[in-house]
Each structure stands twice: as C-alpha cells, then as structure tokens.
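My numbering applies: residue 6 is where the sequence shown begins, and numbers increase by one.
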Amino acid sequence: MLILMHPNATSEDVDRVADRVKELGYVPHKMPGAQRVAVAVTGNAGPVDPAAFTMLPGVVEALRISKPWKLASRETHPHDTQVSLPGPGGTPSRIGGGVFGIIAGPCAVESREQTVGCAKSVVAAGARFLRGGAYKPRTSPYSFQGLKLEGLKILAEARAATGLPVTTEVVDPAHVAEIAEYADILQIGTRNAQNFALLEAVAKAGKPVLLKRGMSSTIEEFLMAAEYIIKGGNYQVILCERGIRTFEPMTRNTVDLGSIPLIKRLSHLPIVVDPSHSTGDALSVPAVARAALAVGADGIMVDVHPDPARALCDGPQSLRPEQFADLMGTLRKMADVLGVTID
Ligand code: PEP
Ligand code: MN
C-alpha cells in the first residue's frame, strides 16, 4: 500500500501515519517526493484496509500497490532514481535521471600498472566510473580468481590517480565490510543475483549497489532481487542488463535490450547495459553500446584492457583504450540527438 500525504502535511502527520503502520505490525517507508511525501507499507501478508489511514490528518489517499516489487516500482516512486558520486575533477559522476553514465575498466584487476594505466586512459576518453574485479567468480576453479585485497588496494590507487569512483564485485557476505572500505559501488554479479543473504548484506553497507541480472532471471526475479536491497534500507541500486542464457551459443549471452524500456516503465531504478559480458565479443561491443543508448538505458559498463590479447580474464570481449575512445565519440553525438546527458 502507498499512502499519499497532502503537500501541506506536517512531519507530525507523516510520523502519525508511520506509527499507525507499525501498530498494525507492518513496516513504513517514508518517501519524500518533489511535491509531497508518500509512505509505502511493506510486511503485510494480504491486502491492507485503506480506511486505517485515510481517516488520519494529512492523508490524501491510500492506494494498493499492484506490483510485488513494491519499493522498486514506479507506482511507489514515480520519479527516476539517480545515483551520484564524487567524480573526476570534483564534478559528480551520475547514472540515471536523464544522465547516461559510463563505467569502463578491466574485467579483472591484474596489476597496478594495468589497472591504473587503464583508468587513466578511460577517464581521458570520458568514462565517469571505473570497473575492475578483485574477487573474480570464475566458472572454472583453475582460472585466475582475482588479486583480492591487493586488487582492492590497486583500485583505490586508480581512484586516487583519476578521481573515478570504483565498482567492484562482492561474492561473499563476509567480504562486504572490507570491499566497502575500498570501493564506491558494490557489484553483485550474475551468478549471485539471487543470493539473498548477499543482497541483504550489501543493502546494509551504505554504498550504492550495481545489481546484475541473473543469467536465468526473469524481469520479475531481477526486480525482486533489487527489492531485497531496497527493503534492506538502500535505494541506491543500479540495475545492469548483462545478457541471459538462451538456446543460442554463438553469442556469449543473449542481450535483452527489449527489457530496458519495460523496466524503465516498471521501476524508478536506473538500468545500465553491459555490452561486454553480454556479447563476449569486442567486435560486437560498440554496436550493442550504441543500441543501449538508443533504447533508453541509463548507461553502459564496458570492459577495456590495455592489451586484450594478454588479459587474464575476458580478453576477447575487451576494447582497447583507443576503441573505447572512438565509441565515446559516437555516443556523445548520439546523445546530442537524443537529448541525453553524458557528463
Ligand atoms: C563482471 O562484470 O566482472 C562479471 C563477472 O560479470 P557477470 O556477473 O555479468 O558475468
Ligand atoms: Mn568478465
């Protein structure tokens, strides 16, 4: 249920509504809007009687929320959520709310030289966020598993050198505190997209979360995973479409671009596309990145490596820095035509 307050409702009116929600054994979520405050209700097993609230001072309406992802839905939160962090040159790095955010960097942190060098080249080309895996969830236990703590320290050095806020993957609830010390955005990978203990743990870390779509997740399951994080108290969630598993083996995954306009309608959360992990093919990355902008996504997350042939992880899908710079030039021209901002 969503309880809409009058624009002139006082904070006492809002508190009274929240107290009433608690008295009934449910959980209130105060949601300040541009015009007025709304209070979303969760924790109810069945329908809630609107009359419990409509009689209270300052309440305009109590509406049933039809979607099970209550807090992630646009019904509860009509305006776009934007994630904004301090970025290069003291200007904010933003994703969502009309801003197409660019996240780029190596799939994995391999060395100081590789990651700091890559960060310098992507920031020069216009990236606003740095990506890089320190804990790598690999299909094979024999593949490079990441530099772990050493990798996190290198990412923090790369941030210091460029100003780029950093996103890196968390694979274990036990690592959340350590990773939150070094990273700006906590990333949940496709393999953990429905690891609910991990979702609950990152929700409490006080940092934005980049949530990848599970490779077998439906859109509803994807939004319900986001709901775990918001329910845990964290509205700063960036969704990421990274391709799903279908019958087609020739593309690494099947990138579901049609999900973007639908998710934008259903949810207020920003959604970015990962053209690298979805295609697995550097030659396809620029086209899918352009398509992401055209279809209304809020950004892209692109693998860039100074020497893809020698990459320890995902070289075949990694752009060289100059290819990334070319892509940025095209995206900026497209953004002008589409009326989208690229910071
Ligand atoms: C990644 O972005 O580093 C990654 C492992 O991606 P995914 O979880 O989408 O496979
Ligand atoms: Mn990868």
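For each residue, glycine too, the CB sits at the ideal point set by N, CA and C.
task: From the DSSP output, read off the bridge partner residues of residue 192.
output: Residue 192 is bridged by DSSP to 174 and 215.
**Message:** Checking 9 Å against the spacing of the C-beta atoms, do residue 113 and residue 319 come in under that value?
**Reply:** Yes, the pair counts as a contact, with Cβ atoms nearer than the cut-off.
query: Are there three or more Cβ pairs, one per stretch, closer than 8 Å when the stretch 236-256 is compared with the stretch 264-279?
result: yes
So, with DSSP's three-state summary, where would you put residue 269? Three-state DSSP puts residue 269 in a helix.
**Item:** Coarse secondary structure for residue 122, derived from DSSP in three states
**Value:** helix
(Q) Are there any heavy atoms of the ligand PEP lying less than 8 Å away from the beta-carbon of residue 174, as far as the coordinates show? (A) yes
- Run through DSSP, which three-state label would residue 320 get? helix
Notebook entry, point to check: Which ranges does the beta strand (DSSP E) cover as unbroken runs of at least 3 residues, wholly within the stretch 247-303, from first to last along the chain?
Noted result: 276-278
> Taking just the CA atoms, how far does residue 9 sit from residue 41?
Replying inline: Each residue's alpha carbon lies about 8 Å from the other.
Exercise for the section: Report buried or exposed for residue 338, applying the criterion of at least 16 other Cβ atoms within 10 angstroms of its Cβ. Expected result: exposed
Boundaries (first-last residue) of the beta strand (DSSP E) holding residue 337:
Taken as a continuous stretch (DSSP letters only), residue 337 belongs to no beta strand (DSSP E), being part of the alpha helix (DSSP H) at 326-343.
task = Compare the Cα-Cα distances from residue 250 to each of 7, 229 and 284 and report the closest residue.
result = 284
What is the DSSP secondary structure of residue 421, reduced to helix, strand or coil? A question about residue 421 goes unanswered here, because the residues of the chain that appear run from 6 up to 348.
Below 8 Å, is the gap between the Cβ of residue 194 and the nearest heavy atom of the ligand PEP? yes
| Secondary structure, beta strand (DSSP E): runs of 3+ residues fully inside the stretch 90-147 | 97-100, 106-110 and 134-136
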